[in-house]
Each structure stands twice: as C-alpha cells, then as structure tokens.
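If you use our numbering, the sequence shown corresponds to residues 632 to 1681, in order.
Step one of this worksheet: look at the structure below.
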Amino acid sequence: MVVEKYLNENFGEVKAKHSSEEVLQKWRNLCFLVKNPKRRFRFTANLSKRHEAAAMRNTNRTNQEKLRIAVLVSKAAVQFTLGKFLRRSYQFRLCYLKRFSNLTIVMSAGAAGQPSDYKVPEEVKAAGFQICGDELGSLVEHHDLKKLNFHGGVVGIAEKLSTSTNNGLTTDSDSDLNHRQEIYGINKFTESEGRSFLVFVWEALQDMTLMILGVCAFVSLIVGITMEGWPKGAHDGLGIVSSILLVVFVTATSDYRQSLQFKDLDKEKQKIAIQVTRNGYRQKMSIYDLLPGDIVHLAIGDQVPADGLFISGFSVLIDESSLTGESEPVMVSAENPFLLSGTKVQDGSCKMMVTTVGMRTQWGKLMATLSEGGDDETPLQVKLNGVATIIGKIGLFFAVVTFAVLVQGLLNRKWQEGSHWRWSGDEALEMLEYFAVAVTIVVVAVPEGLPLAVTLSLAFAMKKMMNDKALVRHLAACETMGSATSICSDKTGTLTTNHMTVVKSCICFNVKEVSKPNDASSLCFDLPDSALKLLLQSIFNNTGGEVVVNKDGKSEILGTPTDTALLEFGLSLGGDFQSERQASKLVKVEPFNSVKKKMGVVLALPGGGFRAHCKGASEIILATCDKVINVNGEIVPLDISSINLLTDTINQFASEALRTLCLAYMELENGFSSDKPIPVSGYTCIGIVGIKDPVRPGVKESVAVCRSAGITVRMVTGDNINTAKAIARECGILTDGIAIEGPDFREKSQEELLELIPKIQVMARSSPLDKHTLVKHLRTSFGEVVAVTGDGTNDAPALHEADIGLAMGIAGTEVAKESADVIILDDNFSTIVTVAKWGRSVYVNIQKFVQFQLTVNVVALIVNFSSACLTGTAPLTAVQLLWVNMIMDTLGALALATEPPNNDLMKRSPVGRKGNFISNVMWRNILGQSVYQFLVIWLLQTKGEAIFLLEGPDSDLILNTLIFNTFVFCQVFNEISSREMEEINVFKGILNNYVFVVVIGCTALFQIIIVEFLGTFANTSPLTLPQWFLSIVFGFLGMPVAAALKMIPV
C-alpha cells in the first residue's frame, strides 16, 4: 500500500531500541502540521536534556583523567625524591599510555601527614559526628588519598561517622537516623515535580485550532450581542466556547490519569534492594534508606548505591562507563578504595562503607538530568505520528477547499443580489461560521489522538502487567513483545523453581541419596574423617554465600540458590560455617562467572601452607583433576576407570534432571602470592553433588501456548547437556529439534550455522557469547523478533542485542536489569507468556482504534466537503464537529485502547518484523464502513425531508439535527464493531471491559442531552420518538454491514 510505503520510508527508521538521535530528530522534522506540540510530543524523548547528560558524562570523564594525571605526577615526584624514578619511569609511562586505567595509588606517609585546614562545622559536632558531608563528598569524588589518610583512613572515617566497619550503624531509635539524614542528606536524587491537573488543562488549551476557534467564538459573541442583544446573540459563540472547554477538560483528565500511571510505574522501576549490615545484622534494604556509615555488601552485577570506601574484598573490578563513559574497568582495593555511586561491579565482591548519598554524588546530579530526558518514543507512536501527518495534510487541503467553496457561494449570492459592497451582521456571522467549520474540519481531520492512543494503551497495559508480575522498563517493549516470534529462555529459575537442594552425592566413589534428613548422618558415618573435613572446608570457604544471624537471632543462609543448597548440605553434615571460616584465612577469591563456569579460592592454613579449592561444572572441574580421594580416604591417581566411573555418575545424575557440581582441592606446596592466578590443573577430586531444581508448575502448558501462538521457545543454559535435555523434554521444549553444546556451536561455520540454528531447541554449556551469537543470527539472518531472558552480568550483551530483553527480578543482577526492557518480578516463564499476550493486546487495540478513527475522519471530511461543494452549506457545525472529535479521539481511545487481552490472541500467528500495521483487513473495514456511512448521510441530505415528512421553517434545522444524530450513532455502533476486526461476534467479553461500556453509555447519554436540551448552543432541534428510532436504526445497520464486510477475504 502507498500509505504503508510512505510510513516505512519516512517514519520506519525508528526502532524499538537504540535509535540514533538523527533518526529521532528526522521524524520530528517531518511532523510540521501539529495542532498541539506540547501534547503530541509529551511522551517522546527530550533530546536537549540528553545532550546535557552526555556533556555531564564527558565532564566527569575529563575530570577523572585530569585527577589521574595529577596523582601520577605526584607519585612520580615522590619516587624521584626517593631515588626510584629512573627504575620505575618505564612503568609510569606504560600506565600513562593505558589511559590511566586500573590505577593503584600509594601515597607516602609524609605526604599524608601534611596539615589540613579542615574544620568540623558546629552543627556536625552537635550531632555527634566529626566530618561533614561536603568533606566526604570531596574526598571520594576526587579520589583524594592525602585527605583520606589525614582523616585516619577508612577506620578513621568510620569513627568520625560514628559507625563500625564490622557491625555498621548502631541506631537505637528513628531519631538517630533522622539526625544523620539532616546532616548528610538522603539517598535520592532530585526529581522534577509532578505536574498538577491545571498544567494539563493549560497544555490542552495550547491546541492551535482550538485557539483559532476561541477567537472565532469571541468575534461571534461580539457581533451576535451587538446585533441581537443578550442572550440570543451569544448562543453561537457560547456554544463553541462550551465545546472547547469540554474538549479541553476531557483531554486534560485523560492525560492527567496517564501521567499518574507512569509516575507509579517509575516508582516501581526505582525499587532496588541491597545487602546491608546495620545494628550488627545482615539485612536487605532499599538503596533509598542508605545513610553514610552503612556497610554495604557488593557482588558481581550489583550497582554501587552510593559513594563509599572499600573495606575488604577480592578481585573487585568496577565499570564506571555509566558515570564517565569510560569503558575500561577500574580495579578497587585497599590502595584505591574509592567507589562511586551508579557504577557497576564487573567482577569480585567486597564490603563498602557509605560516605556520600543523594545529590552530593555525581550520579545523583547526572540522574536528575537523565530523568528529564525521557524514554525513546516507540515505533508505533512514530508511525501513528506519520499517519496523523498524512491525514492532517489531506484535512488541511479539504478544509481550505471547503472554506473557499462556502465563501464563493456566499459571494455569488451577494453578487447576484448586487449587495457585494454592503455587508450585514448576519452575513459577517455567516462568513465567521464558514471559517469556524473549516477550522473544525482541521480539528477533526488531524488525529492528534492517534499517537497518544498508543501511550494510553501502553500505560494501561503496563499498569496491568505490574499486577501480573512484569515490570516494563521501556514503553516500546510492550508493543514489540506482541510481535515476538522466538523466546530464548534460561533454564534455572525461569523454567525451574530456583529452589535448589542437594539430593544425591558421590563422595569417595560412594553414591548416596541425601534428600532426607537421616541420609546426611548416614553419609557422615560412611565417609573417612579426612575426606569429610576436606568436603566441609570446600563447601564453607569456596562459596559466595554466608550463614548469618538475622534480627530474630536465627541462622539464615544468604547467597545464590546453588550456594544456598551447598551450604544447607554442609550444615546437614554437621559442619559449622563460622568455625570453618575462622580456622583458615582467605588469601584469594575468583568468583563464579558464566564464562569460566567455576569458582576458586586459596586458603592460608593454620598450620602453615596454602590450599586451593575449586567447584563448578562437573566435566570442567573433573578435567582439571589428576587425583581423587578413594573410598578409604586415600589420595590416588585418577585413572581411566575412575574417570569413566565419575563420568557415568555425572551423566546418571544429569539424566535425572539434576544439576551436577564437582568439588576439588589442591595443596600449593610452593607457596602462593595473591597477585598470581589460582592454578587451573593438578587438583584432587573430592566428589560430585546432584542438585534438584524442580520444573515450575504451569511451564509445560505455557510452552504449549507459545507453540500455538507461533512462538518458538529455545532453552539456553550453562548446565550439562543431559540435564538440559531432561528438563527441556519435561517442559515440552525439546520435541523434534536438536540439542547442542556451546563449544560445538562455536566451531560451526557461517553456512553451517544458517542451516543449524532453525533446528536448535536446546543449547547447553553455553557462554554469554554463544547466547549473543544465537540472538544476533535469529534477528539478522532469519528476521525473527527475539525475546531473551537473562539474570547474570554476562547476559547483558544478549539482553541488549535482543528485541526484548527480559531480566529476572529475583535472581537477576542490577546490571542485567539495567540492560533489560522488562523485568519478570517472579522469575516465572508463565509471566513471559503473559507479557507476550499483553503485547499482542496493545498492538491489536491500537489497530482497532486506528480503524475506528480513520473511518470517522474519512466520513466527516467527505460529508462536509461534498455538501459544501454541492449545496453550499455544511451539515455539521463547528460545535457538532468538536463533539464528534471528542468521541473519536479521547473517548474512542479510552474505549478501544484499553481492551483487556483474551486467550484467542495467543491462537494467532505473530505479526513478526515485516507485518504492515495498517493491514488489508483494516482498509477493507475502513473503506466499507465509510461508504455505508457516507451513503446514509447523503441519503438524508437529499431525501431526508421527504423520508421524515419535514415541512416549515425549521425543516432544515431538524434535518441537520437528524444528520448529526445519525452520524453520531453510526460512530457508536462502529465503535462496537471495531472491537473485533475479523470476528463477527463483537459482543464477546464486552462486559469485561467496563471502560468500554461506560464510554459507549456516556456517549449515548450526552448525545441525547445535546440534541434535546442544548439545541440553542449546538444548533440542534429536539426530535420525535420516530425520528430518534430511525436515527438509531441507521446507525445500528452499520453493524450488519461490518459483519458482511468481515466475510470478504483480503
């Protein structure tokens, strides 16, 4: 179609994600005919504010680089005075050339001890603290080691903040927290104030056409009162004013409700919880409750919630790109202890003391600017802006021609009468009425409500999806999900419950069930003491979890589900977490990540010497072993028969849908230095555990729904292939396709991948890069619309690449959530299907509304234009057209764009990437219904007086009232018919949408009031019952016409 081609060429470049600013600016420039820019572009990105945020990032990066250069120069000067400059100058230059990344600064004690002119403000002293917020902010933001050492280092800062690096803040009452908040502030950035209802009224009044009509009404009032006196001469003018006010207030009410919905959703998006030690207890806390002095526990994927100082930790790499734009990660340690709010933990884990919060941080200032930048507009919003622009141009042309024809008719009449130089007040009013009709045609013709209907529908869907445990972070994700053709899902936590327990073990070649409480004690009895001791040491030290005492004094296990399962297993074997941790010292930790698929630690043993422990994917850890502990607790070489036995055990566990982990250790006889990597071979296998993670209830049914909806579900997991296949079969994912391992997938050529990818249903032992490659090929090579789930930091690239990134709300890291478009709050695959259903509902609802509005546009334009050309008058006055505009714009959007989804939506094929938004089905319905309505109106115009036996001076007024009444009821019944574009039964589920019923009811009620009681203002005359009956019948006949149209194949 010509329209679709025009839209794709001029408005189709805007994508659901990552559109360039040039593309976003281009479509704005094309929309030159806009009645109300403030309203039309309210829910689009504020590009100027984005430029401000980018400039702030560049400033931050420049400042950081200047700071690093200054410190390097200072360091060089110190080294020179100590006679070390020549020996280390090469290192200095090398560090400089690496753009000053991974900087480790060690300032001398002499430099640190220089006097400072800092004085503690009196109000800070009075509150019981020894350092103010500005000093803390300056210290961390400028990475000022000299100032830090002057204040006594991290421990000194803790004392001055009246906190403990072990137990955190000690608060006896809320007043203690309030005092701290008064001195240091709260951890929130300044947000723009919510706009009041009157602001939306004012913005609705900015409509250029309404302003012109307002001027027309004012002139009409002056002329009318001058000629006919008050109140008779004021009727026409007051009618237009009343209609304008009604349109403005209804529009403002709808917009205000939308803004409240978005405000509620924004609050949900900002809810982030973090692990904090306060009052000696480890607890989850909102980042907005953090105060200087709190001790925060950070792990891979966490966002640093405030500025702070490093206390302890291992291998901490911080990604500062969100704050400075610098992609090179920064190493944080005791030598470089500064952590900045808004940055992300890329690797490692640590404890941090909060020093600065809220607007005192650079992140707070940046977020205050970013929040004004807004979300990118969605492809549908842009396309419908394009539709509005096309129709607006057509409408403007028709309006100008209509006005010209009406004026020509008036001038011809006056010329024939010979009175063309003499103008009466009535003729001036007639000319003004013509102008008002022309302007009102533009009001009706330019469908400002089209792009705003998308926003209304998305806001409604997002609010409802929140109740269904899905938080939409980006508007476009709602509509894009409706086009999804493929879902690449994780296994753990999405298809399974993520409640893990160790149910089988193979320790010292002893395979045993350990799912019951008595099984653990039996296993302890069977194991040699030396093997049991090594097992417990491995479990309790080589973990990212902890066993802590909560507020109630009870033991609580914190950590990932895998770590939790292993710690529970260790406790069931009689182990003591705290005793094991205190018995040896952690020297190095290499946290688990999805690339290495293992975790390792090095312990300094109490009797001297070092021992390394590692755990991870069974086949990967087993490949690093050359020894094993036998049934007698002796360490023996790992021969072929032992490898086969352990491999068979792994496969047996995996075939039972168990997740398998291997634990191993190694004595480091030659010592160990913490700056060296943990060895990767030479380990002794301790044993293998099988962890049960049951499939979620309802997953199999949800996968079946996806299949019937034409959506292909693929499982992409890091687990063993046998485990993955067993779970995939149970879920109904693995049917006639293939399962492949990540390493095999990586080795395939481009041609092989193109043949292989459509058949893949399961990918096991996959890396984040494998997932990214799969998603990219599905999108680019096969044109699919892909949704991807992810929970880890390394899933961010795939979430970013996908059309819809779905992050897990419970198991997901902040980095994953930040890269995602939708957060699945309950980590449930069934919720993903619900999101797809809502996405389809949004898409279809907008299509229904567009079909309805374009029909009204076409008929209103043709009726007024043809009537003006053929009869010299316009049957629909300005007031009547404003009422019609409100029916089709605000009220129509409320009725059709908020239709809830039904199960039939998931029985259709997805639209995909190349589907036309204004489909052939819609054009059939629009044109067919328009022809019917035009014929009815034209019949009434030409034969109406004869049909209704109208005579006398009021016959023209009554006929025009009948035309207006029939036209409105044609729209009411067309609105009902538009509920289904292809189904004949349009009443199915109508009562489930109370908004639709209320809108239809109110439209009919107000139509009766306008015709029967507001005739003076609306240029109508009360109708008799037969006249009402026939008007409604003419409107109702549009429904069987619509049903007949749906039988025509297209």
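Backbone N, C-alpha and C fix where the C-beta goes; we use that ideal spot for every residue, glycine too.
Counting C-beta neighbours from all protein chains within 10 Å, is the total for residue i 16 or more, i.e. buried, or is it exposed?
i                  : result
tyrosine 887       : buried
glycine 1443       : buried
glutamate 1221     : buried
alanine 1162       : buried
leucine 1630       : Checking the sequence, you will find valine at residue 1630 rather than leucine. Under this definition valine 1630 is a buried residue.
glutamate 1300     : exposed
leucine 1292       : buried
phenylalanine 1644 : exposed
phenylalanine 1284 : buried
valine 1311        : exposed
leucine 1566       : exposed
isoleucine 1578    : exposed
serine 851         : buried
phenylalanine 849  : exposed
glutamine 977      : buried
tryptophan 861     : exposed
isoleucine 1369    : exposed
glutamate 834      : buried
Could you give the DSSP three-state label for residue i: helix, strand or coil?
i               : result
lysine 1331     : helix
valine 1134     : strand
isoleucine 1317 : strand
alanine 630     : Residue coverage of the chain in this structure runs from 632 to 1681, which leaves residue 630 outside it and unanswerable.
lysine 636      : helix
isoleucine 1752 : Nothing about residue 1752 can be reported from this structure: the residues present for the chain run from 632 to 1681 only.
glutamine 837   : coil
glutamine 914   : strand
alanine 611     : One cannot answer for residue 611 here, as it falls past the ends of the chain, which runs 632 to 1681.
glycine 1443    : coil
glutamine 934   : strand
glutamine 761   : coil
glutamate 987   : Reading off the sequence, residue 987 comes out as threonine, not glutamate. Three-state DSSP puts threonine 987 in a strand.
So, for residue i: in the same chain, excluding its five sequence neighbours on each side, which residues have a beta-carbon less than 8 Å away from its beta-carbon?
i              : result
leucine 1158   : Ile1138, Cys1139, Asn1141, Leu1166, Gly1264
histidine 1130 : Pro1192, Asp1324, Pro1325
leucine 921    : Asn818, Ile905, Val907, Val927, Pro936, Ala937, Val985, Val988
Suppose the cutoff is 6 Å on Cβ atoms and the five residues either side in sequence are ignored; what does the same chain contact list for residue i look like?
i                  : result
threonine 1420     : Ser1120, Asp1121, Thr1125, Leu1437
leucine 1409       : Ser1117, Glu1415, Val1417
proline 1082       : Gln1012, Leu1015, Asn1016
phenylalanine 1604 : Gly1666, Phe1667, Gly1669, Met1670
arginine 610       : Since the first and last residues shown for the chain are 632 and 1681, residue 610 lies out of range.
glycine 1470       : Cys1109, Met1112, Gly1113
CB-CB under 7 Å to residue i, same chain, minus the five flanking residues each way: which ones, in chain order?
i              : result
serine 1186    : Val1178, Val1180
valine 881     : Met1517, Thr1521
arginine 1360  : none
aspartate 925  : Gly799, Leu800, Val907, Arg909, Val985
threonine 1315 : Cys1256, Lys1258, Val1259, Ile1260, Ile1266, Ala1295, Tyr1296, Met1297
valine 1552    : Met1612, Glu1613, Val1681
lysine 1677    : Glu1613, Ile1615
serine 873     : Phe1648
Is residue i a contact residue of the ligand FMN, with contact defined as CB to any heavy atom under 7 Å?
i            : result
glycine 1575 : In the structure shown, the ligand FMN is absent, as is every other ligand, since no ligand is present at all.
*Touch test, the segment 1388-1402 against the segment 1364-1375, Cβ-Cβ under 8 Å, three pairs minimum*: yes
*Enumerate, from N- to C-terminal direction, the unbroken alpha helix (DSSP H) stretches of 4 or more residues contained entirely within the segment 1642-1676.*
1646-1649, 1656-1667, 1669-1676
_For the structure I just gave you, are there three or more beta carbon pairs, one from the segment 1272-1289 and one from the segment 1196-1210, closer than 8 Å?_
no
*Could you pull out every unbroken alpha helix (DSSP H) segment of at least 4 residues lying fully inside the segment 1239-1278, listed in chain order?*
1249-1254
*Three or more C-beta pairs closer than 8 Å, one from the segment 984-999 and one from the segment 767-784: is that the case here?*
yes
_Sufficient close CB pairs (3 or more, under 8 Å) joining the segment 1009-1017 to the segment 1079-1092_ = yes
*Any chance the segment 862-877 sits against the segment 1502-1514, with 3 or more Cβ pairs inside 8 Å?*
yes
*Validate contact between the segment 1021-1028 and the segment 1097-1115 using beta carbons, cut 8 Å, 3 pairs*: no
*Could you tell me whether the segment 1527-1540 touches the segment 1636-1652, where touching means 3 or more Cβ pairs closer than 8 Å?*
no
*Residue ranges of each alpha helix (DSSP H) run of no fewer than 4 residues wholly in the segment 1172-1253, ordered along the chain?*
1192-1203, 1208-1214
*Quick one: complete beta strand (DSSP E) runs, 3+ long, within the segment 1089-1172?*
1101-1103, 1117-1120, 1132-1138, 1141-1144
*asked:* With three or more beta-carbon pairs closer than 8 Å as the criterion, would you say the segment 959-967 touches the segment 930-950?
replied: yes
*Fully enclosed by the segment 1347-1377, which beta strand (DSSP E) runs are 3 residues long or longer?*
1369-1372
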